[in-house]
Amino acid sequence: MAEPKENVLMEKIVSLCKRRGFVFQSSEIYGGINGFWDYGPLGAELKRNVKELWWTSMTRMRDDVVGLEATIIMAPQIWKASGHVDTFSDPMCDCLYSNKRFRADQIEPQSGTAYYYAGARDAAAGRQVDDVFAVLLPPGKPVQSARNLATQFYNKRGVTAVELLGERAEAVENSTRFNPDNGSLLTEPRPFNLMLQTYVGPIQSSENVAYLRPETAQAIFAQFKNVHETSRQKVPFGIGQVGKAFRNEVTPRNFTFRSREFEQMELEFFIKPDEAVEAIHGAVAVPTVPGHPGEPQPNWGWQMWHRYWVEERVRFYESIGLSRETLGFHIQTTEELAHYARATTDILFKFPFSKRDAAGNVVGDELEGIAARSDFDLSQHERFSGKSMGVFDEDLRTGWGKLEDAKKASLSKRYYDARLNYLMRVGVDAAKAQVDAKEDAEGLAKGQYIPHVIEPSAGVDRLILALIANAFTEITDPDDKGKSETRVMMRFHPRVAPIKVAILPLLKNKPELVSKARSIFEALRPLMNAYFDEAGSIGRRYARQDEAGTPFCVTVDFDTLGEKPELLNTVTLRHRDDGRQERLAIDQLIPWLMERVRCV
RNA sequence: GCGAGCGUAGCUCAGCCUGGUAGAGCGUCACCUUGCCAAGGUGAAUGUCGAGGGUUCGAAUCCCUUCGCUCGCUCCA
């Protein structure tokens, strides 16, 4: 049930986004385009900050992650290998009577007698429609109920006094052409392709169809070999990427939350298969207590790595102002998981439009999913490209040599089973699958394996929306005349705030104040996004900055110029959230601010 | 794609039923004023009333089509 109050809040947020220049509708002057959004001046800064923070904390601050920037259009075979060509194009049917939509492959087969109608006529009104309609009746049901449904169908098409035309009965066995709920005929199955398509080269033909990537991850898998060989990284290590992705969503909804063009921040973190970890270390460490498992250890298996990345990502959200209380978690059930995934934990944010569960709690909507994807992706690319995606692991070869024969046999068997399971599921012929799985198991004994992967995949635009919703605060207090006024404050964490500091001369008509403030502004602007404002009363300017979410304001007054000699070259530093003021020397300003706004 | 609601200034909205000069508040800009939390004064700009078509002497208003937004259905690797 949609809470009206929450819709109002969402409307206020959307309105503020436009008014202050966070988010605009794309192509607005031409009436807009569904599912596409632009970032205005403040939004662009906010988004840059978020991506910069992710990149810095995920790649530059880590020894074990490197970056990649791949193209949006890639060889179409990539999307065959990844499964997107198949899974993104389910055929759909609509019920002609109720317009309810079905996935063609999920309709229960029905049997009975189908009554077809060629159309309907209203002789008195001189109207006739020739739309074909049909109703499937289970055995024994009178034909009149089919006629009733057909009459209603033609009523909806503007025929009032319905005279049914061309009734024809036909026995039907196990048909999926009819709505199981009401027997109405369905439309022909129509393919739904959720990938945006284009053509590479000037001639538009089926041979040069290409897709705008529906996720950034596949480029990482496709370039895994190159990165591994050139970066001097050894498994476990990760490859991160930030970039645009595109999906032809059926229904873009909830402001920027589900857009057709969006940006992702994805990490593919490659790890050893558990069999290799066990061969090297004797045993695989698994999570035993809740919470962050600490610094990565060589004996971690996929479960520890998965837990580690979930907790790392939560820490990231906390570091930019999204507390654990504003987040939610969803651990995907076995039914929800893709067949190759071992576990997926979604990190949710409680948006104003988020639904409540049966118990009345706000669940939240997905910001990021952390998936343990086994070795599925690299294996698929190995099969489709014919290029080996395996790595050689010196530690594994050494470790394997020291194992007792029984241990070797049991690890080999487990690895063989896992590989066979994968090969069979993707449809490899049983005999060939057994041969290949045996080869893989022999490879393991020589130190070879295809890395497994943990994938933390976050949506930038969703995170921006979460930060905006989280920051949005209405403050109501009485003005001088006692009339209560409501103003908006955006409580962004200083690290993500679009404007870090505003420099304000106390009065505009005193040139010495203005020029002093201007010189402070010029000193700050190369280091951070600073803003200079001399227009209007000081209170009004503070309020303007509150609405933009600027965490700090610096005011230059007569004491700055030495009216009180002991305060020469000091400024007022005003805090957004509580209005607190403190006096700070100008030469302290840069270190003081940098401490608070720097990335990490 | 279906159903319902909505679309008027940068924002929030009135006007539409009952056709007749396009409005208010807030914000923005300029000038004056200004001594730390949306102060005051004066003045100004801003609209093809979402778009296209129709009815009419005349359409923001009535009718049709279309685009966009919101909600529900559907979809969500």
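Just so you know, we're using this note's numbering here: the first sequence kicks off at 4 and counts up by one.
Idealized CB from N, CA, C, for every residue including glycine.
Keep in mind the model is a prediction, meaning the values are calculated, not measured.
Could you check the C-alpha separation between residue i and residue j for me, to the nearest Å?
{"i": "residue 574", "j": "residue 40", "result": "40 Å"}
{"i": "residue 362", "j": "residue 529", "result": "51 Å"}
{"i": "residue 178", "j": "residue 191", "result": "13 Å"}
{"i": "residue 533", "j": "residue 504", "result": "5 Å"}
{"i": "residue 103", "j": "residue 253", "result": "14 Å"}
{"i": "residue 380", "j": "residue 218", "result": "13 Å"}
{"i": "residue 116", "j": "residue 147", "result": "13 Å"}
{"i": "residue 439", "j": "residue 215", "result": "33 Å"}
{"i": "residue 17", "j": "residue 600", "result": "26 Å"}
{"i": "residue 408", "j": "residue 301", "result": "23 Å"}
{"i": "residue 134", "j": "residue 113", "result": "23 Å"}
{"i": "residue 527", "j": "residue 509", "result": "18 Å"}
{"i": "residue 316", "j": "residue 348", "result": "11 Å"}
{"i": "residue 22", "j": "residue 267", "result": "26 Å"}
{"i": "residue 14", "j": "residue 78", "result": "41 Å"}
{"i": "residue 44", "j": "residue 468", "result": "15 Å"}
{"i": "residue 521", "j": "residue 545", "result": "17 Å"}
{"i": "residue 220", "j": "residue 346", "result": "17 Å"}
{"i": "residue 271", "j": "residue 374", "result": "10 Å"}
{"i": "residue 4", "j": "residue 358", "result": "With a pLDDT of only 30 at residue 4, under the threshold of 50, the placement of this residue in the model should not be trusted; the figure read from the coordinates follows. Approximately 7 Å, taken between the alpha carbons."}
{"i": "residue 405", "j": "residue 60", "result": "38 Å"}
Give the C-beta separation of residue i and residue j to the nearest angstrom, bearing in mind that I take them to be a contact with Cβ-Cβ under 8 Å.
{"i": "residue 418", "j": "residue 434", "result": "The pair is not a contact, with the Cβ atoms about 19 Å apart (cut-off 8 Å)."}
{"i": "residue 280", "j": "residue 304", "result": "5 Å"}
{"i": "residue 71", "j": "residue 206", "result": "With 8 Å as the limit, residue 71 and residue 206 do not qualify as a contact, their Cβ atoms being about 31 Å apart."}
{"i": "residue 344", "j": "residue 376", "result": "6 Å"}
{"i": "residue 138", "j": "residue 153", "result": "6 Å"}
{"i": "residue 378", "j": "residue 352", "result": "Wrong, their Cβ atoms sit about 31 Å apart, outside the cutoff."}
Could you spell out where the alpha helix (DSSP H) holding residue i opens and where it closes?
{"i": "residue 597", "result": "589 to 600"}
{"i": "residue 496", "result": "Where residue 496 is concerned, there is no enclosing alpha helix (DSSP H), given that its DSSP letter is neither H nor E."}
{"i": "residue 471", "result": "463 to 474"}
{"i": "residue 548", "result": "541 to 551"}
{"i": "residue 523", "result": "514 to 527"}
{"i": "residue 277", "result": "277 to 284"}
{"i": "residue 507", "result": "No alpha helix (DSSP H) holds residue 507; the beta strand (DSSP E) holding it covers 504 to 508."}
{"i": "residue 26", "result": "No alpha helix (DSSP H) holds residue 26; the beta strand (DSSP E) holding it covers 26 to 28."}
{"i": "residue 47", "result": "44 to 58"}
{"i": "residue 207", "result": "Segment: none, residue 207 is in no alpha helix (DSSP H) and carries neither H nor E."}
{"i": "residue 84", "result": "80 to 85"}
Do residue j and residue i have their beta-carbon atoms positioned less than 8 Å apart in this structure?
{"i": "residue 500", "j": "residue 582", "result": "no"}
{"i": "residue 164", "j": "residue 127", "result": "yes"}
{"i": "residue 2", "j": "residue 38", "result": "Given a span of 4 to 603 for the chain in the structure shown, any question on residue 2 remains unanswerable."}
{"i": "residue 576", "j": "residue 557", "result": "yes"}
{"i": "residue 559", "j": "residue 511", "result": "no"}
{"i": "residue 475", "j": "residue 491", "result": "yes"}
{"i": "residue 447", "j": "residue 437", "result": "no"}
{"i": "residue 396", "j": "residue 238", "result": "yes"}
{"i": "residue 465", "j": "residue 260", "result": "yes"}
{"i": "residue 459", "j": "residue 274", "result": "no"}
{"i": "residue 269", "j": "residue 243", "result": "yes"}
{"i": "residue 118", "j": "residue 176", "result": "no"}
{"i": "residue 53", "j": "residue 241", "result": "no"}
{"i": "residue 310", "j": "residue 296", "result": "yes"}
{"i": "residue 293", "j": "residue 306", "result": "no"}
{"i": "residue 524", "j": "residue 506", "result": "yes"}
{"i": "residue 550", "j": "residue 493", "result": "yes"}
{"i": "residue 50", "j": "residue 463", "result": "yes"}
{"i": "residue 225", "j": "residue 399", "result": "no"}
Could you check where the beta strand (DSSP E) with residue i kicks off and where it finishes?
{"i": "residue 578", "result": "573 to 578"}
{"i": "residue 270", "result": "264 to 274"}
{"i": "residue 177", "result": "171 to 178"}
{"i": "residue 369", "result": "368 to 375"}
{"i": "residue 447", "result": "Careful: residue 447 lies outside any beta strand (DSSP E), inside the alpha helix (DSSP H) at 433 to 448."}
{"i": "residue 557", "result": "555 to 559"}
{"i": "residue 69", "result": "68 to 70"}
{"i": "residue 200", "result": "200 to 202"}
{"i": "residue 533", "result": "533 to 535"}
Checklist entry - Can you give, in chain order, each stretch of the beta strand (DSSP E) that sits fully within the stretch 211 to 242 and has at least 3 residues? => result Listed in chain order, the complete beta strand (DSSP E) runs (minimum 3 residues) inside the stretch 211 to 242 are 212 to 214.
Item to check | 4 or more residues per run - each alpha helix (DSSP H) lying fully within the stretch 92 to 167 | outcome: Correct list: 146 to 159.
Checklist entry - Which ranges would you report for the beta strand (DSSP E) in the stretch 388 to 414 if only whole runs of at least 3 residues count? => result Within the stretch 388 to 414, no complete beta strand (DSSP E) segment of 3 residues or longer occurs.
Next on the checklist: Just to confirm the assignment: which complete beta strand (DSSP E) runs, minimum length 3, are found wholly within the stretch 298 to 363?
Outcome noted: Note on the stretch 298 to 363: whole beta strand (DSSP E) runs with a minimum of 3 residues are 330 to 334 and 346 to 352, in chain order.
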